[in-house]
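Engineer:
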């Protein structure tokens, strides 16, 4: 067995493209080799800003032997009465490239038939690799691609070299105008010479010796170690996020660390602004033992650690220029109050059909006030919430946000603090942007939660109203993220409002020039939220059918949805539960068929005198008892105990269906039995529609 290697050498690829591409390659390579029936020891994926590489260890020299079964005529046609093969059997064998001596008999649904078992030898790996490598290259998808020659082939950046090896042998392939070979390049900064004679098992070491750390995991660890080493003499510790270090890692092939320092006067800037400036230069902050920023930071350069003083001077000069800008913009912004900036929002377009950010702010204020009214919030607390809503977008007109948009909300909070606004207001202004990712941190204050929900529902309803709806993977306005944020805040339990009512209130505030079909728009938005809920719960490892079963009963009140889901998930472990589902589904189907026949099941009531049979009387009495027993659990929303009591109905339900004909000829008896099934099903529908379970 030999190792195989594919390296795609390109012009510099954007850092944000690289981590997703690595994950794709991990999955795609495994799938492609498995599809081709090629066994291997392991697959290693490597990446730098200028190359992706796949190393396949201990790759078999042939694909697996294929065994196929071909079934032919029935035995009574294939053999005569003396047991000899007929011309039909001989013809069948000949057509498949074999003889009657290879025929055998197989029992099938049609009876006994003759068959041929054909063994197709495995193909040589070397002959398959060209096709496989091309598949791997084009299996990577990027947010944006480009063409660079007349071939029209697209990739993240132009491909400049392909190294494709099986052992020492070159695997021939061509992408655009680039043919594969047995060489690659080291660091383009230090040396552009070709590196020839590379073997797959020496690939990582050869590149390391030529100033490329191709293993991104090793390179990340190296960056962290080098950065830690540079700050030992300044008595501090590094402060960075995983996202930040991953981005730096995707910007360099051979890292070296440079300790930089800036003027201590800039430490008077708000830490969020100062840290944003440092991060924007791809530097790591250095903090003291109390976690406060110091005047030191660490930059990571791409290349060996020579001429460090020159590099340091350049880094510090660029950072100083940005910090001076930050100081100027911040001080200028603080000269005017946040309230005075609100009027300027009339010059900021939210959407040409939906008006300005000032118009949006008015809607957010109205929605926030409506939520307060729904929750019974009054007095000073309501006043602070309305104030927060009115000021939450004012920082959009500041110079700070123009330069650093990621500080939206934070810049508003800083301005509000400078204006001596109440703490609830300044905090709420910052928190109204949360969560900034689908699974990010939620607002901590009731003010932040209410204004966040109001802002996000306005955006979603407004965009749906003018058909700016997410399609496929495209979601340019972040509506999926914002809907997930609303759902998570409402499920948190602090804000117990009807999602349906919230949507209706938001629709009522749309500009008069927006013409909508209210019923259809509401339905579309509720379906959109249901899809987000399904995604949220599936990410928590709930079964898809369980999620559907719970959501089928409605999700207007979001607080207890996960409690119902957890209870359903746990109750499925009981031995009586799966058989109960069969009875429930049967009842649900009968009720559905009755509705189709024009019977208005919803209007039917049980008449006890019409319960003629023992089994229906028993089911009725047991269901009544369960209904009474679970009242105490309903008050506490103890869905596990409710489901346990409902599972106890299994025997009565089974007996009912074993002995009772629901659709009896006597209309009064039939309707009474339908009403009984409705009575039983209604108890279950408090938690889930079990007919959705598989």
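In our numbering, the protein residues as written are 39 to 732.
For glycine and all other residues, C-beta sits at the position ideal for the given N, C-alpha and C.
Since we're looking at a predicted model, the values are computed, not measured.
Drop a sphere of 10 angstroms on the beta-carbon of residue 338, count the other beta-carbons inside from all chains shown, and report buried for 16 or more, exposed for fewer.
Structural biologist: Residue 338 should be labelled buried.
Engineer: State the Cα-Cα distance for the pair residue 218 and residue 398, rounded to the nearest angstrom.
Structural biologist: For residue 218 and residue 398, the distance between alpha carbons rounds to 56 angstroms.
Engineer: Under a three-way DSSP split, which group does residue 199 fall into?
Structural biologist: Residue 199: strand per DSSP, three-state reduction.
Engineer: List the DSSP bridge partners of residue 580.
Structural biologist: Per DSSP, none; premise fails for residue 580.
Engineer: Look at the alpha carbon of residue 436 and the alpha carbon of residue 354, and state the distance between them as a whole number of angstroms.
Structural biologist: So the two alpha carbons sit approximately 26 angstroms from each other.
Engineer: Using DSSP bridges, identify the partner residues of residue 223.
Structural biologist: Looking at the DSSP assignment, residue 223 forms a beta bridge with 232.
Engineer: How far does the beta strand (DSSP E) with residue 150 in it extend, from its first residue to its last?
Structural biologist: 149 to 158 is the span of the beta strand (DSSP E), which, as asked, contains residue 150.
Engineer: My output table needs one value for residue 248: the three-state DSSP class, helix, strand or coil.
Structural biologist: Reduced to three states, the DSSP call for residue 248 is coil.
Engineer: Quick check on the DSSP output: the alpha helix (DSSP H) that includes residue 742 runs from which residue to which?
Structural biologist: What the structure shows of the chain is the stretch from 39 to 732, and residue 742 is not part of that stretch, so it cannot be assessed.
Engineer: Since residue 286 contacts residue 320 with CB under 8 angstroms, what's their CB separation in whole angstroms?
Structural biologist: Contact holds; Cβ gap of about 6 angstroms.
Engineer: Which of helix, strand or coil does DSSP assign to residue 587?
Structural biologist: Residue 587: helix per DSSP, three-state reduction.
Engineer: How many Å lie between residue 672 and residue 413 at the Cα?
Structural biologist: The alpha-carbon atoms of residue 672 and residue 413 are separated by roughly 22 angstroms.
Engineer: Keeping to the same chain, check which residues put their C-beta closer than 6 angstroms to that of residue 60; ignore five residues upstream and five downstream.
Structural biologist: Closer than 6 angstroms at Cβ, skipping near neighbours: 83 and 85.
Engineer: Return the bridge partner residues of residue 705 from the DSSP annotation.
Structural biologist: Per DSSP, none; premise fails for residue 705.
Engineer: Tell me the residue span of the alpha helix (DSSP H) that contains residue 321.
Structural biologist: Note, residue 321: premise wrong, no alpha helix (DSSP H); beta strand (DSSP E) at 321 to 325.
Engineer: From residue 577 to residue 479, what does the alpha carbon distance come to, in whole angstroms?
Structural biologist: So the alpha carbons of these two residues sit roughly 17 angstroms apart.
Engineer: Taking the alpha carbon of residue 195 as the reference point, which residue from 313, 316, 186 and 683 has its own alpha carbon closest?
Structural biologist: Checking every option, the nearest Cα to that of residue 195 belongs to 186.
Engineer: Can at least three beta-carbon pairs, one atom from the segment 311 to 331 and one from the segment 397 to 411, be found at a separation below 8 angstroms?
Structural biologist: No contact exists between the segment 311 to 331 and the segment 397 to 411.
Engineer: Given this structure, state the Cα-to-Cα distance separating residue 475 from residue 521, to the nearest angstrom.
Structural biologist: So the alpha carbons of these two residues sit roughly 11 angstroms apart.
Engineer: Does the Cβ-Cβ distance between residue 312 and residue 364 come in under 9 angstroms?
Structural biologist: In this structure, residue 364 lies closer than 9 angstroms to residue 312 by Cβ.
Engineer: Ends of the beta strand (DSSP E) at residue 105?
Structural biologist: First-last of the beta strand (DSSP E) with residue 105: 104 to 112.
Engineer: What separation, rounded to the nearest whole angstrom, lies between the Cα atoms of residue 37 and residue 76?
Structural biologist: What is shown of the chain runs 39 to 732, which leaves residue 37 out entirely.
Engineer: In this structure, how does DSSP classify residue 622 when only helix, strand and coil are distinguished?
Structural biologist: Here residue 622 sits in helix by DSSP.
Engineer: Would a C-beta distance cut-off of 9 angstroms place residue 368 and residue 308 closer than the cut-off?
Structural biologist: Yes, the pair counts as a contact, with Cβ atoms nearer than the cut-off.
Engineer: Would you call the segment 689 to 700 and the segment 548 to 555 in contact, with 3 or more CB pairs under 8 angstroms?
Structural biologist: No: fewer than three Cβ pairs fall under 8 angstroms.
Engineer: If I follow the unbroken beta strand (DSSP E) through residue 340, where does it start and stop?
Structural biologist: Where residue 340 is concerned, the enclosing beta strand (DSSP E) stretches over 331 to 340.
Engineer: Measure the CB-CB distance between residue 322 and residue 277 and report whether it falls below 9 angstroms.
Structural biologist: Taking 9 angstroms as the Cβ cut-off, residue 322 and residue 277 qualify as a contacting pair.
Engineer: Measuring CA to CA, which of 589, 600, 691 and 655 is closest to residue 626?
Structural biologist: With distances taken between Cα atoms, residue 626 lies closest to 691.
Engineer: Within a Cβ cutoff of 7 angstroms, which residues of the same chain sit near residue 530, ignoring the five residues on either side of it in sequence?
Structural biologist: So the list reads 480, once near-sequence residues are dropped.
Engineer: Going by C-alpha to C-alpha distance, which of 126, 243, 150 and 379 sits closest to residue 396?
Structural biologist: Comparing Cα-Cα distances from residue 396 to each of 126, 243, 150 and 379, the minimum goes to 379.
Engineer: For residue 629, collect the residues of the same chain with a Cβ closer than 8 angstroms to its Cβ; drop the 5 residues on either side in sequence, then sort them by chain order.
Structural biologist: Cβ neighbours of residue 629 beyond the five flanking positions: 639, 712, 715, 716 and 719.
Engineer: Going along the chain, which unbroken runs of the alpha helix (DSSP H) with 4 or more residues stay wholly within the segment 346 to 410?
Structural biologist: Within the segment 346 to 410, the complete alpha helix (DSSP H) runs of at least 4 residues are 346 to 372 and 376 to 380.
Engineer: Kindly list the residues whose CB is nearer than 6 angstroms to the CB of residue 212, restricted to its own chain and excluding five residues on each side of it in sequence; keep chain order.
Structural biologist: Counting only Cβ-Cβ distances below 6 angstroms, and skipping sequence neighbours, we find nothing.
Engineer: What would DSSP say about residue 82, mapped onto helix, strand or coil?
Structural biologist: Here residue 82 sits in strand by DSSP.
Engineer: Using the Cα positions of residue 247 and residue 297, report the straight-line distance between them to the nearest angstrom.
Structural biologist: Distance between the alpha carbons of residue 247 and residue 297: 25 angstroms.
Engineer: Could you give the DSSP three-state label for residue 649: helix, strand or coil?
Structural biologist: The answer is coil: DSSP assigns residue 649 none of H, G, I, E or B.
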